[in-house]
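Structure record follows, encoded as structure tokens.
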Amino acid sequence: MIVIFGLFLLTLLVITAIAIVRTNNLFVAVMLMGIASLLIAANFFLLDAADVALTEAAVGAGISTVLFLSALALTSERERAKSSNRLLSFTVVAAAALIIIYATFDKPRFGDPEAPVQTHVAPWYLEKTPEYIDIPNVVTAVLGSFRGYDTLGEVFVVFTAGIGVLFLLGGGVAAGSLPQEKINEGLRHHLIPRVVGRVLIPFILLFGLYVQFHGEYGPGGGFQAGAIIAASVILFALLEGEKRALSVVPERALLGLIACGPLLYGGVGLAGIVLGGNFLDYSVLSSDPVKGQQLGILLIEAGVGLSVTGVLLAIFHAFAARGR
Amino acid sequence: MTALIDTLSWVLLTLGGLSVLIGGIGALRMPDLYTRMHAASVTDSMGAILVLVGIMLQAGWSLATIKLIAILLFLLLTSPTSSYALASAALLAGTRPYAEAQQDEEETT
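Rendered as structure tokens:
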């Protein structure tokens, strides 16, 4: 049954991908990319990867659609006329596709218990998580503790991407010229979205916090929570206008949030060294190693959440300020 | 009792699936944006309510039911709002309703 559902979703995904390539209306392409992300998220969920599904749905279908739309507001809605070199691009794509298809012949069968992914380190993680960290969600244990270095790298990727976009778009919201007051007001004159938005925003924030702090027990964690919290503030900005959103979360606070994530994460790592362990070894943070691990994961997840929220909001405001 | 609940739940799920199908056909067949939205709203309202209530009957009294109720409330709040925002944006952007556009065409010819 799962295989049938998976094939169905993947077929829809291929159709969506072809539609994205074929359309030359960029607005339509952005919407289709949101649909593609949602389909991938459903497929991840079907394969029991709830954490990844949540990330894909929140970031891929939610935030990146909004960011693409705000980028589109700066450019034209239509794709430029096709370049003449279509044969070359077709050859490159076809060659790459053939190599990838050839590579899939070496892949293990779907759900093969003998596959390297099932026999290499995964059993060790599953076996040792209750002993070392004692949290039910092994994904969070792997992400936060066993593979802490990788996640630190990811936080720095998010951090670098954020400051890169801010540099490119002229330092965020510093450009104080906001001539088109009308756009700046958002949807303030539209009663229904405003009222419903006001009702929903606190609950979205609450859900974001739940995802953040429930990450050790269920699907969730800093990346997803950051995207959800940023989404609620972006919703506020769309409803009440940029200015009011910036007075709620000012630019300086955003820059602080962006820096806070890597600092907190790195700080927890250094605290491990100071207290006599290795870098990112949380066991020494508390007298009880298991409690120390849990504390460390909580802190680094908080750092991830803060950083992701800050970066997404700063990028959104940078695009919005550029459009004026 | 379980057989009754199962039957009821399957009836609801089937009807919900049918509503989604009708909504999809309507969204493809209707002549302009507003009538398409009208057709698609069948998916948002009846489809969502019937399917979610059908799953609730399957879940019984548990945490899952509470979560489903929360999802249903969220959908019932957000989908009319997004429909409103979409229709109002289309009207502001100058998309005219089908009937009105037809009438104008007749007057000009």
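The listed protein sequences correspond, in order, to chains H and Z.
Per this note's numbering, the first sequence starts with residue 27, numbered consecutively.
Per this note's numbering, the second sequence starts with residue 6, numbered consecutively.
Backbone N, C-alpha and C define an ideal beta-carbon position, used for all residues, glycine too.
Is the Cβ of T86 of chain Z closer than 8 Å to any Cβ of chain H? If you number the second sequence from 1, residue 86 of chain Z lands on position 81. Yes, T86 of chain Z lies at the interface with chain H (some Cβ there is under 8 Å from its Cβ).
Counting only the same chain and skipping the five closest in sequence on each side, list residues whose C-beta sits under 6 Å from that of L80 of chain Z. As a first step, residue 80 of chain Z must be located in the second sequence, where it is residue number 75. Taken in chain order, the residues that qualify are A53.
With 7 Å as the limit, tell me which residues of the region 228-251 of chain H have their beta carbon closer than that to any beta carbon of chain Z; keep them in chain order. Under the 7 Å Cβ criterion, the region 228-251 of chain H contributes no residue.
So what's N51 of chain H in DSSP terms, helix, strand or just coil? Here residue 51 of chain H refers to the residue found at position 25 when the first sequence is read from its first residue. Here N51 of chain H sits in strand by DSSP.
Proximal chain Z residues relative to V222 of chain H, where beta-carbon distance stays under 8 Å: If you number the first sequence from 1, residue 222 of chain H lands on position 196. Identification of chain Z residues near V222 of chain H by a Cβ-Cβ cut-off of 8 Å yields L82, T83 and T86, ordered along the chain.
Anyone know if the C-beta pair for L272 of chain H and P219 of chain H falls short of 8 Å? In the first sequence, the residue the question calls residue 272 of chain H occupies position 246. In the first sequence, the residue the question calls residue 219 of chain H occupies position 193. It is not a contact, given that the beta carbons lie outside the stated cut-off.
Can you give the Cα-Cα distance for A92 of chain Z and L124 of chain H, rounded to whole angstroms? Reading the second sequence from its first residue, position 87 is the one you call residue 92 of chain Z. Reading the first sequence from its first residue, position 98 is the one you call residue 124 of chain H. Cα to Cα, the separation comes out at about 45 Å.
Residues of its chain near L17 of chain Z, where Cβ-Cβ distance is below 6 Å and the 5 sequence neighbours each way are ignored: Position 12 of the second sequence, counted from the first residue, corresponds to residue 17 of chain Z. Excluding residues within five positions, the ones whose Cβ falls inside 6 Å are L55, V58 and G59.
Which chain Z residues are close to P219 of chain H, counting only those with a beta carbon under 9 Å from its beta carbon? Residue numbering aside, residue 219 of chain H sits at position 193 when the first sequence is read from its first letter. In chain order: T86, S87, Y89, A90 and S93.
So is L301 of chain H in contact with chain Z if we call contact Cβ pairs under 8 Å? Sequence index remark: in the first sequence, residue 301 of chain H carries index 275 (1-based). No, L301 of chain H lies away from the interface with chain Z (no Cβ there is under 8 Å from its Cβ).
Check whether chain Z comes within 8 Å of V56 of chain H, counting only Cβ atoms and requiring the distance to be less than that. Translated into positions along the first sequence, residue 56 of chain H becomes position 30. No, its Cβ sits nowhere closer than 8 Å to a Cβ of chain Z.
Can a CB atom of chain Z be found closer than 8 Å to the CB of H216 of chain H? Here residue 216 of chain H is taken as the residue at index 190 of the first sequence, counted from 1. Taking Cβ atoms only, chain Z reaches closer than 8 Å to H216 of chain H, which makes this a yes.
Establish whether the CB of V92 of chain H and some CB of chain Z are separated by less than 8 Å. For the purposes of this step, residue 92 of chain H is identified with residue 66 of the first sequence, where counting begins at 1. So no, V92 of chain H is outside the interface.
Checking the sheet assignment: what are the DSSP bridge partners for R104 of chain H? Translated into positions along the first sequence, residue 104 of chain H becomes position 78. Looking at the DSSP output, R104 of chain H shares a beta bridge with H:N51.
Pull up the CB-CB distance for A344 of chain H and L195 of chain H, whole angstroms please, since I reckon it's below 8 Å. Position 318 of the first sequence, counting from 1, holds the residue named residue 344 of chain H. Position 169 of the first sequence, counting from 1, holds the residue named residue 195 of chain H. In this structure, A344 of chain H and L195 of chain H form a Cβ contact; the two beta carbons are roughly 4 Å apart against a cut-off of 8 Å.
For chain Z, check one thing: does any of its Cβ atoms lie closer than 8 Å to the Cβ of V225 of chain H? As a position in the first sequence, residue 225 of chain H is number 199, starting the count at 1. At least one chain Z Cβ lies under 8 Å of V225 of chain H.
Any idea what DSSP makes of E140 of chain H, helix, strand or coil? The sequence position of residue 140 of chain H within the first sequence is 114, counting from 1. If DSSP states are grouped into helix, strand and coil, E140 of chain H belongs with coil.
Roughly how many whole angstroms lie between the Cα atoms of G188 of chain H and N51 of chain H? Position 162 of the first sequence, counting from 1, holds the residue named residue 188 of chain H. Position 25 of the first sequence, counting from 1, holds the residue named residue 51 of chain H. Cα-Cα distance, rounded: 27 Å.
Between the alpha carbons of K72 of chain Z and W66 of chain Z, how many angstroms are there, rounded? One-based indexing of the second sequence puts residue 72 of chain Z at position 67. One-based indexing of the second sequence puts residue 66 of chain Z at position 61. C-alpha separation (whole angstroms): 11 Å.
Sub-8 Å separation of G248 of chain H and V330 of chain H beta-carbons: For the purposes of this step, residue 248 of chain H is taken as the residue at position 222 of the first sequence. For the purposes of this step, residue 330 of chain H is taken as the residue at position 304 of the first sequence. Yes; because the gap between Cβ atoms is below 8 Å, this pair is in contact.
Identity of the residue in H:R106, H:A122, H:V191 and H:A297 nearest Q319 of chain H by Cα: As a working mapping, residue 319 of chain H is identified with position 293 in the first sequence. Measuring from the Cα of Q319 of chain H, the nearest candidate turns out to be H:A297.
For L93 of chain H, does the count of other Cβ atoms within 10 angstroms reach 16, so buried, or fall short, so exposed? Locating residue 93 of chain H in the first sequence gives position 67, counting from the first residue. Label assigned to L93 of chain H: buried.
Using 8 Å as the threshold, is the C-beta distance between I260 of chain H and A84 of chain H below it? For the purposes of this step, residue 260 of chain H is identified with residue 234 of the first sequence, where counting begins at 1. For the purposes of this step, residue 84 of chain H is identified with residue 58 of the first sequence, where counting begins at 1. Result no, Cβ atoms of I260 of chain H and A84 of chain H do not sit closer than 8 Å.
Hey, quick one: how far does the alpha helix (DSSP H) through V225 of chain H stretch, first residue to last? Taking the first sequence and counting its residues from 1, one reaches residue 225 of chain H at position 199. Here the alpha helix (DSSP H) through V225 of chain H covers L217 to F239.
V225 of chain H vs L33 of chain Z beta-carbon contact at 8 Å: Locating residue 225 of chain H in the first sequence gives position 199, counting from the first residue. Locating residue 33 of chain Z in the second sequence gives position 28, counting from the first residue. No, the Cβ-Cβ distance between V225 of chain H and L33 of chain Z is not below 8 Å.
Could you check what DSSP says for P134 of chain H in three-state terms: helix, strand or coil? Along the first sequence, one-based indexing puts residue 134 of chain H at 108. In this structure, P134 of chain H counts as coil in the three-state DSSP scheme.
Just the C-alpha distance for L97 of chain Z and A44 of chain Z, rounded to the nearest angstrom, thanks. In the second sequence, counting from the first residue as 1, residue 97 of chain Z sits at position 92. In the second sequence, counting from the first residue as 1, residue 44 of chain Z sits at position 39. Distance between the alpha carbons of L97 of chain Z and A44 of chain Z: 21 Å.
Report, in whole angstroms, the separation of the C-beta atoms of L332 of chain H and L283 of chain H, which I expect to be a contact under 8 Å. Walking along the first sequence from the start, residue 332 of chain H turns up at place 306. Walking along the first sequence from the start, residue 283 of chain H turns up at place 257. In this structure L332 of chain H is in contact with L283 of chain H, their Cβ atoms being roughly 5 Å apart against a cut-off of 8 Å.
For a minimum of 4 consecutive residues, which ranges assigned as the alpha helix (DSSP H) are wholly contained in the region 34-93 of chain H? Those alpha helix (DSSP H) runs which fall completely within the region 34-93 of chain H and span 4+ residues are 52-72 and 76-81.
Ignore the nearest five residues each way along the sequence and tell me which others in S14 of chain Z's own chain have a CB closer than 6 Å to its CB. Walking along the second sequence from the start, residue 14 of chain Z turns up at place 9. G59, L62 and Q63, listed in sequence order.
Return the CA-CA distance between Y39 of chain Z and E111 of chain Z, expressed in angstroms with no decimal places. The sequence position of residue 39 of chain Z within the second sequence is 34, counting from 1. The sequence position of residue 111 of chain Z within the second sequence is 106, counting from 1. Answer to the nearest angstrom: the Cα atoms are 20 Å apart.
Confirm, please, whether the CB-CB distance from G32 of chain H to N257 of chain H is below 8 Å. Here residue 257 of chain H refers to the residue found at position 231 of the first sequence. Here residue 32 of chain H refers to the residue found at position 6 of the first sequence. Going by the sequence as given, residue 257 of chain H is Ala instead of Asn. If you check the CB distance, A257 of chain H and G32 of chain H do not come in under 8 Å.
May I have a chain-ordered list of the alpha helix (DSSP H) segments no shorter than 4 residues that lie completely inside the region 231-289 of chain H? For the region 231-289 of chain H, whole alpha helix (DSSP H) runs of length 4 or above, ordered along the chain, are 248-266 and 268-274.
Taking just the CA atoms, how far does M51 of chain Z sit from E42 of chain Z? Position 37 of the second sequence holds residue 42 of chain Z. Position 46 of the second sequence holds residue 51 of chain Z. Just to set this straight, residue 42 of chain Z is Met in the shown sequence, not Glu. Between M42 of chain Z and M51 of chain Z, the C-alpha separation is close to 14 Å.
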